[in-house]
Structures are given as structure tokens and as C-alpha cells.
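Novice: Chains as they are written, first to last, in my numbering: chain A, 23 to 187; chain B, 3 to 780.
A virtual CB, placed ideally from N, CA and C, is assigned to each residue, including glycine.
In this text, all values refer to a predicted model and were calculated from it rather than measured experimentally.
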């Protein structure tokens, strides 16, 4: 007998009721059950970070979280970043700075960076480098990723400041 | 940063934003594991837990009984005795006896070798069932050291060279030699392999998603093994999460998954996990060199010898023995070497089989040769750079034919200015203030060193590639190319090439790479060849279509063809922008039934062009770096890194720089961290990312790039040299050079430059002589 549970996930603002086996990972739930294949599995043991998503705003490895653990929580994936066809500022900065090549690790870096940026960091390049060293990229040498995150942090700080003024 | 040229501006040569980016950033890309079919089943490989042994029993009875299991197959279920064929033959070698079987029947030769496949309705159940397959193996003695291989374990023993080497060595003032070893490591792309295969029994057609690199070749192999016509197999274009040489070669799974889809008449999905990937996908790099050089008192090279032991793992796979052949053929590099003899013995051991990894054979050979040059400089009391400058081939000595061949072509070094490039690299380093940084750091007592390496690369391998270009109903331009998208940005590059034929933005161009139905004649993406060869094919096809558009457009405009031009995606009378026809209008005029389409004229606006080339083009470059060694831990920090690279002509400089930077990151990993280790029984010790250490952002410094376009290639109409590998080729050598400079050794004898090695090296006696002896350098 499969050990199944009825869970409710809020993913990118939409509610989903799912029957999940207790051992099914959040990554497989998103990819297989919801068709959100933008979340990628690179190692399935929590090192590479390609599967990073936000769980109630915090970055988690979706390969190390079970789908049932997300019951009643909010999940944000890479599919939730763009507004329609328009990429958000961070996505655009990744492209501008050539911060992606094959793009397989990219959703994980984007979600990791979104979590970091949501803290309103000062974000000098050294700190950004330290933060993004949580994930692995095999194509870019990381330079464009660091530049993109650093630039967007400054832009968002500027906007926040303007809004405050 | 990218720039977006306005309409009408040339696209080639610009930092055009990548066409691939939007779908990849939005999460809309389609990788092999993202493709779904109704009623799909999931395969799981059962792999040998033993490095060498006789298979006594593979019992699947318990696995078959698990609810949800659809099928379990072992070697005895397979048709015939399928083996993985060699794709890249080396003349004079016969490897037939040592090809890898699709599933092991009687003998297993490495941990990870496929023994059975389980298929289930659910991937979790497939994994459960795989664990229920009982395996009984009688263990045999393991061979793990290529240097101890004898008899049948030496699968090839061959040499390359030219000139009278013996005389060169006999008369030389100095003969200097050393041993240099490079450890086993490999590409390890972020996406593990994945195959999704659909099968329609009514038509007998297979739809394959995930075979990205050489799809046309893989289709041919698969058709042969299945005994079906190639036309019944379609390899689809999908995104690929990094290739670097290992992805997309024909592996056992590339037979098994389509074969299972036919057997079960159901779609089958197979997704490799990372633990499998690290033991199943081609390893690379493991070589031991005994290299020696004859020089005169001024350090001029008179002759070069190398005796290489190459560990190829348990079988010969698709690459045959091409990697060691490349090592030998490219070993003299950019230097004036009057006489050369290289020999290699390729050994089979009880480890994962090997193949190419970005800069195959050259990363290893460059490491050996450049360490030897560092040692010569130390022995003769010369400056390392001066020694190199003295021996680099001069511009006027090119082209140069070396009486050797590799990849089936003669080695003909085309144009170049090797000394000029070295000078540009070093003057940039001075501008960046490295000299001061080094001096100040050393004054503070820090253990710092600067390293330099020169390398020669090869690229643009033919013999041919084919491209189709067509105009579509809304006036867009479509390219069906034989290159494949492995993440390098080739869609953008090809779009740039064709966009200039119609003076449009790349936004109006759609590129599909590697779909065998749309382009059955592709040669694939490897050997830094796509921009050069596929790009030249696209250029030819684009020109032909533009010519047809001009011809038909002239009829529509009722003007002679010589009076019309194509500009901004329109055909118009020269100098009269108001009188024009859009590409869509010209397309409509070319449809069947159109009064403009003459009897016997083919409908549509399309052309196929094949570009053929006999010789490769040889890019070259220099790596310069600054490192710091922690005297306590032996840890190496890379502080600064610079690559100077001759690319002939950069179609998209941002993408070239990206290739070089990414290559450096892999080079830092290969030089400092990455190693597939085995214990004494042949059990792999690097099976997770906790043991196989790939560099993170913290280990990779910003990389300065000096992108040179001083020597356009004469072998192709774009003037381009390939750029896929040069970021990696010289990295091991440059980092070793920097480390030896830091800790006061004349040269390093191997990679990786790990803490254990460096702590031991630093603990040795202080005089250079003693260090030479204890390091095993003669």
C-alpha cells in the first residue's frame, strides 16, 4: 500500500490539491505533478542547488524537501518570476551579463538570488560571490552571475530608496 | 554586457543577446527529462557493484513481482550481442575485442557497468525494483594502474612524430626530462543524462529526446543495432545542460531505452542520477608522461620525446583511442620543434571507460610540455617567458605542415602570431598591475606565484556540415542546422550569420539545431567545430536564399535583379525605399499556384548548402595567473587569471569570452580539486559532490580576456577559429607553473595540486637541487 496524503500547495500564487506519496520530493511534485519543469535536478543530494525554490520565501533544495512538507505553504519557482512574457529585472540582468550558458543551473541561481535580494543587501561583489557559491554552475565561471546579482541589488536598493524618499 | 544593434547593422561581430536566454530564464526550456508522454514508463539501470568479476547470476524474479514493475531485462534478453561502436577511428588500431557490451553478460569490468534494466510505471518503484535484482559475481583481480598493464590490457601502442630525434638528442648540450601525471577527472555537466523515447507502433517510428551532440551519427548507430531504417528514427532537438565532450555520445542506454520502447510499445523515460553519472559517463584525462627535450646552451629546442601511458578505463567506447592520438599530435604545440617522437600505450583498467573531455589530450599534453619547459628554464637559469619566446614559431614560419595526422587530417598549422599574442597577454598583465601585487604580497611574506603557459588548439574539424535556410509564411528566416545546442549559444551565432544576409535582427531568425528530420546530414557539435563548419554552411545556404529572394523580388518590383537589394528584411529597388516587398510577400509569390512561380521552379524560398573542409584551423593562446599557497594547509587560491586567445574572427565576442571563462573554471577544478579516486579493490570513491569537488564562485576569480582577431582563419569564409576549448587547454599548465613559482620548485610533476601534495612539496629540503631529486625530476 502506498502511503498517500492529500496536500494543498500554493505555487506561484495558485492553489493545487494533490495526492502525494509521502516519499515524493517537492522537486518531483513540481516537475511531474504540476508540470513546472523549470526546476531542475542536478544532483539529488543537496549540493548543486539547481532545484532551489522558495518555500515561504526561504531558499530550499527541492530535492531534499518532500512534497508533503510543503502542505499549506507557499512555493515560488522560476516560472513565477516573469510577468507574462516580460522577464523580471534579475532575469534580464542574467542575460545582459551572459550569466548563463546551458541554463540548467540558472533557475536555481535565480531563486537563490531572489531570496538574497529580498533581504535588501548592500551586496558588494565579494558578498555576492560568497552567496552564490551555494550553487554550482559548470558553464560560466560565475562571473556574469556575480555581476548580474550585484547590479540588480544596487538597482533595487536605488528603487527602494526612491520609493522611501 | 550585450549590445543590441539597430536594424540594418551587421550582426556578426556584435555582442548580440542570446536567443536561447528567454526560455532558459523563464523556466520554459525543454531538457531531455522535461518531455512527457501519456502512459510513459520509467527505466532504472542495475549496475555492477564489483570492479572485475565473472557474472554467476542476475536474478530478476523478485524484482518482477513488485507491483508496478513492467519489465526487467538482462543481457540474455537482448537481440544479438550489441556493443557500442567506435565513432572516431584511429588508422591502424583494431579495438573490436574491447568494445563495451550494452549489458554485461559474463564479465563485469568496472563498478557501474550496466547488468540489467528495470522498467516500472513509476520511477520510485523502478528504483525499488532495481534493488531487488539479485547479483552474484565471482571477483577477479583488478588492474587499476595503467603503468602495470601488459599483453591484452594494452589495447593500442602507437607513435607519431617526425624528424631525426635520435640525432637531435645525441648531439644536444642538454637533455632534460621529467615525469608528469594528470589525474582522472571529467566534464560533469550540471544536467545528468536523460532520454525520453516515444514509439508509435502503427508507423514503427521512434521519437528520441535527449541525444544531443552527434544526433545523426547516433541515429545511424541505433538504426544499425535495431535493424531498422534510419528514416524511422527521429532525434529531436532539446536543450542540453552542458556537454563538454561527454554528453550525447552513444552509451549503452542510447540503445536500451529506444529498444525497450519498441519492446514494450510504450514511451520510456530514463533519467540518470548523479551517483550513476559519476561512474557511468566517460571519464577522461588520466595520463602519465615521461617527457624529455634536447636543448642547446641557449635553450633552443632541438628535439622532443614523450612516452605516454594512457588509462582508458574498462572498455573502448565511441572515442576509440582518439584522445591519446590528440595528445601526441598536438604535443609540440606552438613551438619550433625540429624533431619529435611521441609514443603512447593505451591501457584498459577496471575503472569507468574514458572518452573526450573539453580540450581532450591537449590539456594533458600542454601540462606535460609546459612543465618541462619550466624545468628547462630552471636548469639553464633562464627566464620562463624568455625560453618560450625563443622557441615559439614565428609568424613567417607559418603555415607549417607537421608530418603527423589526427582526427583523420594532416596537422597543418595555419596563420598566426604566437609571439605577438604572448606579448599582448603579458602587457595586459602589466597594465592590470599584477607585478606590484606580486611584489607587495611577497614583501608581506605571502606565498605567491605567477604562472604562464602557451598552447596550441585545434578547431573547425570537417569534413563537412549541412544547413538549410528558408523563409517562412510571416517572413521569418528559419535555419535547420547540423550543429547541436549544448549551451554554448550556437543558435545565436548561426542566427547572426544568416541575419546579415537579409540585414535583419536575430529576432527574425529561428534556429533549430540537431533535429534529424529537419536536418539529416548534420555532423554535430564537438571539437570546437560548430561556428566554423556549421556556421559556414549556414552562410552558404543564407546567401543562396537571399539570391532567390532578390531574383523573385525583382520580378515583383518589375526591375532587373541588379537594381534590387535586400535591406531591413525587404526587397527594394536600390535607393528607393518606398518601392519594396516584404519577405512574406516574396514568400507568397513563391507558393504553388502563384503566377510568379514558373513551371518547373521549386516552390518556396529555401536552400540547402554543404560546407566541406579538409583541414582544421589552429587557434592558440596564453594563460597567465597569480596564485597564493597557504603554507600551513597547502591550499591554493587563484587570485588573478588572464586568457589571451586568437579566435580569428569573433562572431559574438561575449559568447567567446563566456566560453573562455567557463573553460578556465573547469581548468581550475581540474588543476586543483577534481579527481575520480578508487580504492584498492576498484571501488569508486568520488560518487557524490561531497567527494568530487567542483569549483564554486568562491574558487574562481574574475577572468580577464584578451580576445585577439589578428589571424583570421583562411579555411572558412567567416575567418573564424573555434573557441570552445582554449579556456581549458592551458589552465592546468599555468596553475602548476604559478604554484611551482610560489613554492620555489622548478616545475610540478602532476595534477591535482591538492593540499596533500603541496604540504609534502613544501616540507622538502630547501635547495633546488634536492627538490629536483626528491620530486623525481632527473
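(1) Whose Cβ in chain B lies nearer than 9 Å to the Cβ of residue 48 of chain A?
(2) May I ask you to verify whether the stretch 224-242 of chain B touches the stretch 294-305 of chain B, counting CB pairs closer than 8 Å and requiring at least 3?
(3) Here's the rule: buried if 16 or more other CB atoms are within 10 angstroms of the residue's CB, otherwise exposed. What is residue 692 of chain B?
(4) Would you mind giving the Cβ-Cβ distance between residue 2 of chain B and residue 540 of chain B, rounded to the nearest angstrom? I have them listed as a contact below 8 Å.
(5) Would you kindly work out how many angstroms separate the C-alpha atoms of residue 568 of chain B and residue 151 of chain A, rounded to a whole number?
(6) Go ahead and pull the three-state DSSP assignment for residue 567 of chain B.
(7) Three or more C-beta pairs under 8 Å: does that hold for the stretch 204-213 of chain B against the stretch 25-37 of chain B?
(8) Between the alpha carbons of residue 344 of chain B and residue 729 of chain B, how many angstroms are there, rounded?
(9) On the three-state DSSP scale, how would you describe residue 272 of chain B?
(10) Below 6 Å CB to CB, which residues in the same chain sit around residue 132 of chain B once its five sequence neighbours on both sides are set aside?
(11) Below 8 Å on the Cβ atoms is my contact criterion, and I expect residue 317 of chain B with residue 188 of chain B to pass it. Report the Cβ-Cβ distance as a whole number of Å.
(12) Assuming residue 257 of chain B is part of the alpha helix (DSSP H), what are its boundary residues?
(13) Are residue 112 of chain B and residue 281 of chain B closer than 9 Å when you measure CB to CB?
(14) Is it buried or exposed, residue 582 of chain B, if we count other Cβ atoms within 10 angstroms and call 16 or more buried?
(15) Run through chain B and tell me which residues come within less than 7 Å of residue 91 of chain A, C-beta to C-beta.
(16) Beta-carbon within less than 8 Å of residue 771 of chain B's beta-carbon, same chain only, minus the 5 sequence neighbours each way: which residues are those?
(17) Rounded to the nearest angstrom, how far is the Cβ of residue 241 of chain B from that of residue 487 of chain B, given a contact under 8 Å?
(18) For the 8 Å Cβ check, are there 3 or more pairs between the stretch 470-481 of chain B and the stretch 589-609 of chain B?
(19) Tell me the rounded alpha-carbon separation between residue 566 of chain B and residue 469 of chain B.
(20) Between the stretch 491-499 of chain B and the stretch 672-689 of chain B, do at least 3 Cβ pairs fall closer than 8 Å?
(21) Taking 9 Å as the CB-CB limit, is residue 24 of chain B close to chain A?
(22) So which residues of chain A does residue 690 of chain B contact, with C-beta pairs closer than 8 Å?
(23) For the alpha helix (DSSP H) containing residue 389 of chain B, list its first residue and its last residue.
(24) What is the DSSP secondary structure of residue 27 of chain A, counted as helix, strand or coil?
(25) Would you identify the three-state DSSP class for residue 324 of chain B, choosing helix, strand or coil?
(26) Of all the CB atoms in chain A, is at least one closer than 9 Å to the CB of residue 248 of chain B?
(27) Tell me the DSSP bridge mates of residue 198 of chain B?
(28) List the endpoints of the continuous beta strand (DSSP E) containing residue 456 of chain B.
(29) Does any C-beta atom of chain B lie closer than 9 Å to the C-beta of residue 129 of chain A?
(30) So which residues on chain A does residue 210 of chain B lean against when the C-beta distance must stay under 7 Å?
(31) Shorter than 9 Å from the beta carbon of residue 36 of chain A to some beta carbon of chain B?
(32) CA-CA distance, residue 22 of chain B and residue 87 of chain A?
(33) Using the beta-carbon of each residue, which ones in chain A are nearer than 7 Å to residue 666 of chain B?
(34) Relative to the C-alpha of residue 599 of chain B, which residue among B:85, B:505, B:553 is closest?
(35) Mapping the DSSP letters down to three states, classify residue 752 of chain B as helix, strand or coil.
(36) Residues of chain B with a CB under 7 Å from the CB of residue 74 of chain A: which are they?
Specialist: On the basis of the data shown:
(1) Position 26 of the first chain, counted from the first residue, corresponds to residue 48 of chain A. Within chain B, no residue comes near residue 48 of chain A; the closest Cβ sits about 14 Å away, beyond 9 Å.
(2) By the Cβ test, the stretch 224-242 of chain B is not in contact with the stretch 294-305 of chain B, since fewer than three Cβ pairs between them sit closer than 8 Å.
(3) Numbered from its first residue, the second chain carries residue 692 of chain B at position 690. The residue in question, residue 692 of chain B, is exposed, as its Cβ has fewer than 16 Cβ neighbours within 10 Å.
(4) What is shown of chain B runs 3 to 780, which leaves residue 2 of chain B out entirely.
(5) As a first step, residue 568 of chain B must be located in the second chain, where it is residue number 566. As a first step, residue 151 of chain A must be located in the first chain, where it is residue number 129. For residue 568 of chain B and residue 151 of chain A, the distance between alpha carbons rounds to 47 Å.
(6) On the second chain, residue 567 of chain B is found 565 positions in, with the first residue counted as 1. Looking at residue 567 of chain B - three-state DSSP - the assignment turns out to be strand.
(7) Yes, the stretch 204-213 of chain B touches the stretch 25-37 of chain B.
(8) Taking the second chain and counting its residues from 1, one reaches residue 344 of chain B at position 342. Taking the second chain and counting its residues from 1, one reaches residue 729 of chain B at position 727. Residue 344 of chain B and residue 729 of chain B: Cα-Cα distance of roughly 25 Å.
(9) Walking along the second chain from the start, residue 272 of chain B turns up at place 270. Strand, per DSSP.
(10) Residue mapping note: residue 132 of chain B aligns to position 130 of the second chain, counting from 1. 46, 48, 120.
(11) Taking the first residue of the second chain as 1, we reach residue 317 of chain B at position 315. Taking the first residue of the second chain as 1, we reach residue 188 of chain B at position 186. Between residue 188 of chain B and residue 317 of chain B the Cβ distance is about 15 Å, and since that is not below 8 Å, they are no contact.
(12) As a working mapping, residue 257 of chain B is identified with position 255 in the second chain. Residues 254-266.
(13) For the purposes of this step, residue 112 of chain B is taken as residue 110 along the second chain, with counting starting at 1. For the purposes of this step, residue 281 of chain B is taken as residue 279 along the second chain, with counting starting at 1. In this structure, residue 281 of chain B lies closer than 9 Å to residue 112 of chain B by Cβ.
(14) For this step, residue 582 of chain B is matched to residue 580 along the second chain. By the 10 Å Cβ count, residue 582 of chain B comes out buried.
(15) Position 69 of the first chain, counted from the start, is the residue given in the question as residue 91 of chain A. Chain B residues near residue 91 of chain A: none, gap ~17 Å exceeds 7 Å.
(16) Start at 1 with the first residue of the second chain, and residue 771 of chain B comes out as number 769. Model confidence at residue 771 of chain B stands at a pLDDT of 39, short of 50, so the residue's coordinates are unreliable; what they give is reported in the following sentence. Closer than 8 Å at the Cβ level, and outside the excluded window around residue 771 of chain B, lies no residue.
(17) Residue mapping note: residue 241 of chain B aligns to position 239 of the second chain, counting from 1. Residue mapping note: residue 487 of chain B aligns to position 485 of the second chain, counting from 1. Contact holds; Cβ gap of about 7 Å.
(18) Short answer: they touch.
(19) Reading the second chain from its first residue, position 564 is the one you call residue 566 of chain B. Reading the second chain from its first residue, position 467 is the one you call residue 469 of chain B. So the two alpha carbons sit approximately 26 Å from each other.
(20) Below 8 Å, too few C-beta pairs join the stretch 491-499 of chain B and the stretch 672-689 of chain B to call them touching: fewer than three.
(21) As a working note, residue 24 of chain B is residue 22 in the second chain. For residue 24 of chain B, at least one C-beta of chain A is nearer than 9 Å to its own C-beta.
(22) Reading the second chain from its first residue, position 688 is the one you call residue 690 of chain B. Identification of chain A residues near residue 690 of chain B by a Cβ-Cβ cut-off of 8 Å yields 65, 67, 69, ordered along the chain.
(23) Position 387 of the second chain, counting from 1, holds the residue named residue 389 of chain B. For residue 389 of chain B, the enclosing alpha helix (DSSP H) has its first and last residue at 386-393.
(24) Looking up residue 27 of chain A in the first chain gives position 5. In this structure, residue 27 of chain A counts as strand in the three-state DSSP scheme.
(25) Position 322 of the second chain, counted from the first residue, corresponds to residue 324 of chain B. It is helical.
(26) Translated into the one-based positions of the second chain, residue 248 of chain B becomes position 246. It does not: the Cβ of residue 248 of chain B has no partner Cβ on chain A nearer than 9 Å.
(27) Reading the second chain from its first residue, position 196 is the one you call residue 198 of chain B. Residue pairing from DSSP places residue 198 of chain B in a beta bridge opposite B:211, B:271.
(28) For the purposes of this step, residue 456 of chain B is taken as the residue at position 454 of the second chain. First-last of the beta strand (DSSP E) with residue 456 of chain B: 450-458.
(29) Your numbering for residue 129 of chain A matches position 107 in the first chain. Contact with chain B is found for residue 129 of chain A, since one of that chain's Cβ atoms lies less than 9 Å from the residue's Cβ.
(30) For the purposes of this step, residue 210 of chain B is taken as the residue at position 208 of the second chain. Chain-order list of chain A residues neighbouring residue 210 of chain B: empty, with the shortest C-beta distance near 18 Å, by a criterion of under 7 Å.
(31) In the first chain, counting from the first residue as 1, residue 36 of chain A sits at position 14. No, its Cβ sits nowhere closer than 9 Å to a Cβ of chain B.
(32) Here residue 22 of chain B refers to the residue found at position 20 when the second chain is read from its first residue. Here residue 87 of chain A refers to the residue found at position 65 when the first chain is read from its first residue. Between residue 22 of chain B and residue 87 of chain A, the C-alpha separation is close to 30 Å.
(33) Position 664 of the second chain, counted from the start, is the residue given in the question as residue 666 of chain B. Against chain A, the beta carbon of residue 666 of chain B has neighbours under 7 Å at 163, listed in chain order.
(34) The residue you call residue 599 of chain B lines up with position 597 of the second chain. Proximity to residue 599 of chain B across B:85, B:505, B:553 peaks at B:553, based on C-alpha coordinates.
(35) Position 750 of the second chain, counted from the first residue, corresponds to residue 752 of chain B. Under the three-state reduction of DSSP, residue 752 of chain B is assigned to strand.
(36) Position 52 of the first chain, counted from the start, is the residue given in the question as residue 74 of chain A. Going along chain B, no residue has its Cβ under 7 Å from residue 74 of chain A, so there is no contact; the nearest lies around 12 Å.
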